[in-house]
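A.B. asks: One structure follows; several queries about it will come next.
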Amino acid sequence: MDLVSRMTSGVASPGPPQGGTWEDTKRRLIDAASLNKLYDLDRQSVGSDWWYSATREEAALLLANLMDGVARGRSLVFSGDMPEDFTFLLRYGVGARNELDTGAGTFTKDLISAGMATVALALTPEELQEVWQELVRLKPSFYPETFAPVDTGTQMWHTPSIEYDLVVRLGGREIHLYWDDSSGAARPEAVSLRTLFGRIQTMIEVKPAYQALPPASGGYA
Numbered sequence: 004m005d006l007v008s009r010m011t012s013g014v015a016s017p018g019p020p021q022g023g024t025w026e027d028t029k030r031r032l033i034d035a036a037s038l039n040k041l042y043d044l045d046r047q048s049v050g051s052d053w054w055y056s057a058t059r060e061e062a063a064l065l066l067a068n069l070m071d072g073v074a075r076g077r078s079l080v081f082s083g084d085m086p087e088d089f090t091f092l093l094r095y096g097v098g099a100r101n102e103l104d105t106g107a108g109t110f111t112k113d114l115i116s117a118g119m120a121t122v123a124l125a126l127t128p129e130e131l132q133e134v135w136q137e138l139v140r141l142k143p144s145f146y147p148e149t150f151a152p153v154d155t156g157t158q159m160w161h162t163p164s165i166e167y168d169l170v171v172r173l174g175g176r177e178i179h180l181y182w183d184d185s186s187g188a189a190r191p192e193a194v195s196l197r198t199l200f201g202r203i204q205t206m207i208e209v210k211p212a213y214q215a216l217p218p219a220s221g222g223y224a
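Residue numbering for the sequence shown follows the working numbering, starting at 4 and increasing by one per position.
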């Protein structure tokens with residue numbers, strides 16, 4: 004049984020909203036039975052950093068987000084071997100203007116005041132496999148489409164902020180995750196996601212095609 008089926012078995016689905024919004028649907032899902040069912044799952048088998056640090060209330064919201072994703076066709080299964088049709092698009096940097104598209108085999112660099120430059124650039128099968136395995140561990144379906152982690156302790160805000168915009172494509176479907184990392188959140192799910200994006204950036208920057216691109220001109224205030 005896949006993860007979503009395990010998490011939702013025995014929990015009545017409210018179906019499409021009737022005279023309400025999807026937020027109303029989510030609120031109806033957050034009852035004691037659903038919350039306890041989710042929170043008592045084996046954390047090792049779920050395996051997400053988000054889940055390890057979740058409070059009971061956040062866990063309930065996770066169930067609601069997953070059910071919302073199933074209803075919208077957004078939920079994808081990240082497990083096992085890398086599918087042949089797995090591709091992703093990652094935009095990152097100030098304004099998320101740098102872009103790697105593994106489906107198109109291209110990379111676009113933000114040259115700031117000098118505009119944009121696009122080249123052919125492909126990750127190796129080994130690099131794609133590394134990214135896939137990390138996605139299996141992180142389980143992007145657990146994250147909301149707009150990720151906005153909040154630490155309970157002191158936060159340091161960064162200006163200009165680094166933004167990330169990830170689209171994972173699989174089986175003719177896709178999942179989208181956007182994150183404005185202005186707070187430098189230190190929660191485990193934020194650190195793991197930031198580490199993955201940094202690793203992908205390193206993969207890009209060692210490629211000869213990237214190194215042949217002109218340098219950026221100017222800067223961001």
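Where is the CB? At the ideal position from N, CA and C, for every residue including glycine.
Taking Thr149 as the reference, which of Leu126, Leu180, Tyr167 and Ser164 has the closest Cα?
C.D. replies: With distances taken between Cα atoms, Thr149 lies closest to Leu180.
A.B. asks: Is DSSP giving Leu173 helix, strand or coil here?
C.D. replies: Reduced to three states, the DSSP call for Leu173 is strand.
A.B. asks: For Phe200, which of Gly83, Ala99 and Phe81 has the nearest alpha-carbon?
C.D. replies: The candidate whose alpha carbon is nearest that of Phe200 is Ala99.
A.B. asks: With 16 other CB atoms within 10 Å as the buried threshold, where does Ser220 fall?
C.D. replies: With fewer than 16 other Cβ atoms within 10 Å, it is exposed.
A.B. asks: For Met85, which of helix, strand or coil comes out of DSSP?
C.D. replies: Reduced to three states, the DSSP call for Met85 is coil.
A.B. asks: Can a CB atom of chain D be found closer than 8 Å to the CB of Pro163?
C.D. replies: The structure shown contains no chain D; it is built from a single protein chain.
A.B. asks: Our contact map puts Tyr213 next to Phe110 with C-beta atoms below 8 Å; I'd like the distance itself, whole angstroms only.
C.D. replies: Indeed they touch by this definition, with Cβ atoms about 6 Å apart.
A.B. asks: Provide the residue span of the alpha helix (DSSP H) that contains Gly201, from first to last.
C.D. replies: Gly201 -> alpha helix (DSSP H) spans Pro191 to Glu208.
A.B. asks: DSSP puts Tyr223 in a beta bridge; with which residues?
C.D. replies: DSSP lists no partner for Tyr223.
A.B. asks: So, for Ser164: in the same chain, excluding its five sequence neighbours on each side, which residues have a beta-carbon less than 7 Å away from its beta-carbon?
C.D. replies: Only Asp183, Asp184 and Ser185 meet the Cβ criterion.
A.B. asks: If you drop the 5 nearest sequence neighbours on each side, which residues of the same chain put their C-beta closer than 6 Å to that of Leu169?
C.D. replies: If we look at Leu169 and ignore the five residues flanking it on each side, its Cβ neighbours are Leu93 and Leu180.
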